[in-house]
Amino acid sequence: STDKKAGGDDQVNFDIGLEDTSAGVVTRFPPEPSGYLHIGHAKAALLNDYFAHKKYKGTLLLRFDDTNPLKEKQEFEDSIVEDLALMGVTPDKTTHTSDYFQELYEYCVQMLKEGTAYADDTAQEKMRQERMDGIASARREMTPEDSLARFEEMKAGTEEGKKWFIRAKISADNPNKAMRDPVIYRCSPQPHHRTGDTWKIYPTYDFCCPIVDSLEGVTHALRTTEYLDRDAQYQWMLKALRLRNVYNWDFARLNMIRTLMSKRKLTKIVDEGKVWGWDDPRMPTVRGIRRRGMTIPALQEFILKQGPSRNVVNLDWTTIWATNKKYIDPTASRYTAIAKRDMVTVHVTGFAHPAPYAEDRPKHAKYDLGNKKVWFSDTIVIEQVDAAELAEGEEITLMNWGNAIVRSISHSINPVKAIAAAVQDAQRPVASVNVDLNLQGDVKTTKKKIHWLATPDNNGQELIPVECVDFDYLITKDKLEDDDKLEDFLTAQTEFRTDCVADCNVASLREGDIMQFDRKGYFRVDRPFLHGQPAVLFQIPTGKGGK
Ligand code: ATP
Ligand code: MG
Ligand code: MG
């Protein structure tokens, strides 16, 4: 079965029912350079790569499907090449559909001559309606000579030519609407980012795809299941032109909940400044999710585990982030951060040193990631949420240090501050706490393990300002329907910034590092601490809490 997963938890093995592999499998990934790759494209790219390079010893082609000069740019091509490399997808050859404009033109001429295509100037709206209703175009029986003459007008880009289209002559009323005389060429005066103004005519995807696949030696054309209806048309083109056969294999499009996965909509939110750009951590682009802290092995595992199944589902982000957690946990060093607005001072008695001092502690409890410095002092800070839970006389554990007994708790008298501190009940916030160190105490017996930081003084340690940023989904609805207006479903606030201070070790983290703050979770460094400017860290979802 194609959905079969074999092997252990991390093993992926499935096939596409290939019998004839003797000639070598050739697959292709055909992006249109009209945007950055998103996680759906990543699925297509990784599956094609899997069959070409992992399952079989075949060939992977990267073909830029660049037939619509209005939407395409070199910037997008460059980003696609880079993102594929990032994902470990290495095409054996890179081509462009536009490399074949001359051949495609000649094939169209051949079809016009043979009467398997005709020129049509039916207005676009009317043409659409006729195709819906199964009505033949008034131009359907035009002679090859007349059609060819129109095609030449189109090619020259004349005023007359601009009114015409070329359509494959398949059927006016086939129950499969994809078979109702699809348009194969249109006239467009737009210059093209690679061929300049050489061409005034551009072939459609329906026409190019089978022809170029066949010319390039593709054996298996993987497509998403929305193209099932168009497989018949694809095969018809090959037969009409007597070209080498190509096998179509359809797999499910990847949809994720509360996620835009159409380049048109993603372009819109980029252009309208709803996000910072294509690599915004809220974007489902390869760059966006990496910036949010997704690792490539997790992405690969997630995609390949679904395999080429045909069940189209709206997947939750939980699984992919949980997969990611497996990969980042062993390498994420642990540090400590305290939210600035919530800092509560704790006076520590029984501190036997004349001054603050530092000791080395492991960066990870289980894996050897080296050591970090932990500063100890008779004055430390903890977070209000933790302070609010403390009871006098209670024994607690100060993480990386040892136990302490809470002696006294004093509360703020300012009720306004209580609201600002977002204390859930009407309690007044804690202003300060006194504890006695009890380093002989057993850390296994305490319920509360609290993270803390020694307050800065002149002994060399310094608290590092950091901004911890968490994000929400860009849209409010699990799945946008075609007639839903994007504007109506944009989440009002998607970025949540918390100013914190962190331990001195955080100063040396670099962009892209993935680390963990005690009790706060995983973060990726988006901007390191530099010139006194706070480090900016993005919270990495772990699949808990729906994010
Ligand atoms: P979009 O809707 O994002 O514009 P597209 O199909 O128009 O997608 P292309 O650049 O033509 O964009 O896509 C390149 C390849 O990626 C195609 O083979 C396409 O089938 C595949 N692909 C696009 N979106 C998805 C998706 N959500 N899931 C799986 N494959 C996808
Ligand atoms: Mg496409
Ligand atoms: Mg599309």
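Residues in the sequence shown are numbered from 15 upward in steps of one, following this note's numbering.
For glycine and all other residues, C-beta sits at the position ideal for the given N, C-alpha and C.
Own chain residues within Cβ distance below 6 Å of residue i, not counting five before or after
i: residue 440; result: The predicted model places residue 440 with a pLDDT of 45, which falls under 50 and marks its position as unreliable, so this point remains unresolved.
i: residue 521; result: 478, 543
i: residue 146; result: none
i: residue 136; result: 151
i: residue 358; result: 396, 398, 401, 444
i: residue 258; result: 228
i: residue 483; result: 511, 552
i: residue 389; result: 370, 372, 468, 475
Same chain only: Cβ atoms within 8 Å of residue i, ignoring 5 sequence neighbours per side
i: residue 466; result: 350, 352, 360, 394, 395, 396, 412, 413, 415
i: residue 106; result: 66, 73, 74, 75
Nonlocal neighbours in the same chain, by C-beta distance under 7 Å from residue i, ignoring five residues either side
i: residue 454; result: none
i: residue 267; result: 54, 238, 239, 240, 326
i: residue 346; result: 528, 529, 530, 536
Secondary structure of residue i, DSSP reduced to three states
i: residue 306; result: helix
i: residue 553; result: strand
i: residue 409; result: strand
i: residue 397; result: strand
i: residue 573; result: Because the chain is modelled from 15 through 561, residue 573 falls outside the range shown and cannot be assessed.
i: residue 368; result: coil
i: residue 326; result: coil
i: residue 291; result: coil
i: residue 250; result: helix
i: residue 281; result: helix
i: residue 125; result: helix
i: residue 270; result: strand
i: residue 179; result: strand
i: residue 438; result: Only weak support is given to the placement of residue 438: the predicted model assigns it a pLDDT of 47, under 50, and the question is left unresolved by the model.
i: residue 119; result: helix
i: residue 16; result: Confidence is the limiting factor: at residue 16 the pLDDT is only 34, short of 50, which leaves the residue's position unreliable, though a coordinate-based value still follows. Looking at residue 16 - three-state DSSP - the assignment turns out to be coil, as it is neither helix nor strand.
i: residue 150; result: coil
i: residue 454; result: coil
i: residue 481; result: strand
i: residue 236; result: strand
i: residue 224; result: helix
i: residue 67; result: helix
i: residue 185; result: strand
i: residue 520; result: helix
i: residue 376; result: strand
i: residue 219; result: helix
i: residue 446; result: strand
i: residue 161; result: helix
i: residue 96; result: helix
i: residue 73; result: strand
i: residue 335; result: helix
i: residue 106; result: coil
i: residue 347; result: strand
i: residue 207; result: coil
Reference residue i; option with closest CA among the options
i: residue 526; options: 508, 309, 160, 322; result: 309
i: residue 334; options: 345, 218, 306; result: 306
i: residue 139; options: 336, 383, 295, 151; result: 151
i: residue 186; options: 196, 179, 177, 99; result: 196
i: residue 229; options: 218, 90, 255; result: 255
i: residue 248; options: 159, 190, 117; result: 190
i: residue 167; options: 374, 293, 199, 469; result: 199
i: residue 61; options: 318, 178, 49, 285; result: 318
i: residue 517; options: 487, 470, 179, 87; result: 470
i: residue 572; options: 354, 312, 322, 323; result: Because the chain in this structure spans residues 15 to 561, residue 572 falls outside the shown range and cannot be described.
i: residue 513; options: 314, 204, 354, 253; result: 354
i: residue 488; options: 227, 296, 383; result: 296
i: residue 57; options: 69, 480, 43; result: 43
i: residue 215; options: 175, 226, 519, 68; result: 175
i: residue 272; options: 493, 497, 50; result: 493
i: residue 104; options: 94, 113, 111; result: 94
i: residue 218; options: 547, 63, 330, 201; result: 201
i: residue 39; options: 70, 408, 64, 302; result: 70
Rounded distance between the beta-carbons of residue j and residue i, thought under 8 Å
i: residue 540; j: residue 551; result: 7 Å
i: residue 75; j: residue 232; result: 7 Å
i: residue 452; j: residue 417; result: 5 Å
i: residue 401; j: residue 447; result: 6 Å
i: residue 486; j: residue 508; result: 5 Å
i: residue 109; j: residue 183; result: About 29 Å; that fails the 8 Å criterion.
i: residue 269; j: residue 328; result: 5 Å
i: residue 98; j: residue 59; result: 6 Å
i: residue 91; j: residue 47; result: 4 Å
CB contact check: residue i to chain C, cutoff 8 Å
i: residue 477; result: Given the protein chain composition of this structure (a single chain), no chain C is represented.
Proximity test, residue i beta-carbon vs ligand 5 heavy atom, cut-off 7 Å
i: residue 138; result: Inclusion of ligand 5 in the displayed structure is not the case, the ligand content consisting of ligand 1, ligand 2 and ligand 3 alone.
Pocket of ligand 1 (residues with CB nearer than 5 Å to any heavy atom), chain order: 45, 46, 54, 55, 57, 58, 238, 267, 268, 275, 276, 277
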